[in-house]
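First up is the structure itself, then whatever we jot down about it.
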Amino acid sequence: MDLQQLPPLTALRAFAAAAQAGSVVGAADRLNVTHSAVSHQLRLIESWLGCKLFDRHAAGVTLTDAGRRLFASTARALDDIGQVCADIRGQRPATALTLACPGSFMLQWLIPRLDDFEARHPQVVLNLQTGSDLGRLRAGHIDALVYCGRGTHPREVSEILLADNDIGPICTPAQAKTLARPRDVLSHALLGTESYPAGWAIWAQANGLDAARLRPRRSFGQWVYMIQAAIAGLGVGIAPSVLVREELAQARIAAPLGFVPSGDRISLCVLRRRAQEPAIAALADWLGTLHGQPAAG
Numbered sequence: 327m328d329l330q331q332l333p334p335l336t337a338l339r340a341f342a343a344a345a346q347a348g349s350v351v352g353a354a355d356r357l358n359v360t361h362s363a364v365s366h367q368l369r370l371i372e373s374w375l376g377c378k379l380f381d382r383h384a385a386g387v388t389l390t391d392a393g394r395r396l397f398a399s400t401a402r403a404l405d406d407i408g409q410v411c412a413d414i415r416g417q418r419p420a421t422a423l424t425l426a427c428p429g430s431f432m433l434q435w436l437i438p439r440l441d442d443f444e445a446r447h448p449q450v451v452l453n454l455q456t457g458s459d460l461g462r463l464r465a466g467h468i469d470a471l472v473y474c475g476r477g478t479h480p481r482e483v484s485e486i487l488l489a490d491n492d493i494g495p496i497c498t499p500a501q502a503k504t505l506a507r508p509r510d511v512l513s514h515a516l517l518g519t520e521s522y523p524a525g526w527a528i529w530a531q532a533n534g535l536d537a538a539r540l541r542p543r544r545s546f547g548q549w550v551y552m553i554q555a556a557i558a559g560l561g562v563g564i565a566p567s568v569l570v571r572e573e574l575a576q577a578r579i580a581a582p583l584g585f586v587p588s589g590d591r592i593s594l595c596v597l598r599r600r601a602q603e604p605a606i607a608a609l610a611d612w613l614g615t616l617h618g619q620p621a622a623g
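If you're matching positions, the sequence shown starts at 327 in the numbering used here and goes up one per residue.
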């Protein structure tokens, strides 16, 4: 082994972190050092090699051909070193992932199932944040996000479909007895949400009703608040099926008219270059397997 052929290890770590995060800021966060320290190490390794490893742009950094070659080798080597060190120390290192998702999805679907994820993947620590900003994913501030919508994404973002976002009226079991046909909702106070104002219009179109007649009497900031209002009997709400599965299973609410496709999708978004990382792949597999199943308990 000729150690003279190797660049400084600190510079290699900074390079690997920047390649993984896609930005200098993200690399600094991962290494718990300053932005300028990472930039210095990147300049050092590029000078040592005599070539550019990154193309710099406003959104962050992308690997050059030389950078991709080096990262493929460096990532394997650093992973191997980490595993051997963990074995010597008698423990496996935990991998922390930061997942961002809409607040209602987090409260209604994700949190009730976290214990299952932790039981299946004890070496992955899942940190949760609210939001659905792809810019934070691309900048490396988060590792993955749950997306609800129908838009297109940049090429560097890989999207894993979890479910179609079906929606339908929800109400108390007592109110459900008065909802035999779609037009029966017209005799009830309707509940809506500011986070998805088109909900009633989409459902009306699918059922041949005049959307102008389905104007919510009350509107709430997020799905989770509207669902609680429906449980309290304040009116008939419109909600995604995925967010009310536990309430339906427990007969806290009813969906007498079923659910219809909204045209939106629920998916997991990750950076394409990171999609095969073991922790991210485990998260994607778990979400894909459990989506549609009631939480345990």
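All C-beta atoms, glycine included, are put in the ideal place defined by N, C-alpha and C.
With a threshold of 16 other CB atoms inside 10 Å of the CB of residue i, please say whether the residue is buried or exposed.
i, result
"Q367", "buried"
"A622", "Note that A622 scores a pLDDT of 40, beneath 50, so its modelled location is shaky; the value from the coordinates is reported in the next line. A622 comes out exposed."
"A577", "exposed"
"F431", "buried"
"I414", "exposed"
"G386", "buried"
"L583", "buried"
"G408", "exposed"
Using C-beta distances below 7 Å, list every residue in its chain close to residue i, excluding the 5 sequence neighbours before and after it, in chain order.
i, result
"R598", "E482, V483, S484"
"L535", "P508, R509"
"Q619", "Residue placement at Q619 cannot be trusted, given a pLDDT of 48 that sits under 50; what the coordinates show is reported in the next sentence. Closer than 7 Å at Cβ, skipping near neighbours: no residue."
Going by C-alpha distance, which of the options is nearest residue i?
i, options, result
"A392", "T400, L379, R462", "L379"
"L452", "A426, Q434, S430, R464", "A426"
"H383", "I468, S458, S349, A502", "S349"
"L477", "A354, G457, P604, D590", "It should be noted that the sequence gives Gly, not Leu, for residue 477. Cα-wise, what sits closest to G477 is D590."
"A344", "L332, A363, L329, I486", "A363"
"A556", "S365, F397, L574", "L574"
"R356", "I371, A340, L370, I592", "A340"
"A601", "S545, Q455, A506, I486", "I486"
What residues in its chain sit with their C-beta under 8 Å from that of residue i, if we drop five residues either side in the sequence?
i, result
"A532", "V586, P587"
"C377", "T390, A392"
"S513", "T504"
"R543", "A515, L516, L517, G561"
Between which two residues does the beta strand (DSSP E) harbouring residue i extend?
i, result
"Q546", "Correcting the residue identity first, residue 546 is Phe in this sequence and not Gln. 544 to 546 is the extent of the beta strand (DSSP E) around F546."
"L471", "470 to 475"
"F585", "Unbroken run through F585: none, as it is neither H nor E."
Go to residue i, then tell me how far its alpha helix (DSSP H) extends in each direction, as first and last residue.
i, result
"Y551", "549 to 557"
"L647", "The requested residue 647 does not occur in the structure, where the chain is confined to residues 327 to 623."
Can you give me the Cβ contacts of residue i inside the same chain, cut-off strictly under 6 Å, excluding the 5 residues immediately before and after it?
i, result
"S567", "D492, F585"
"P334", "none"
"G525", "I493, I564"
"G559", "T498"
Taking Cβ positions, are residue i and residue j nearer each other than 8 Å?
i, j, result
"L569", "L594", "no"
"T498", "A565", "no"
"G547", "G466", "no"
May I ask whether a heavy atom of the ligand SAH can be found less than 7 Å away from the beta carbon of residue i?
i, result
"L375", "Here there are no bound small molecules, and the ligand SAH is not part of this structure."
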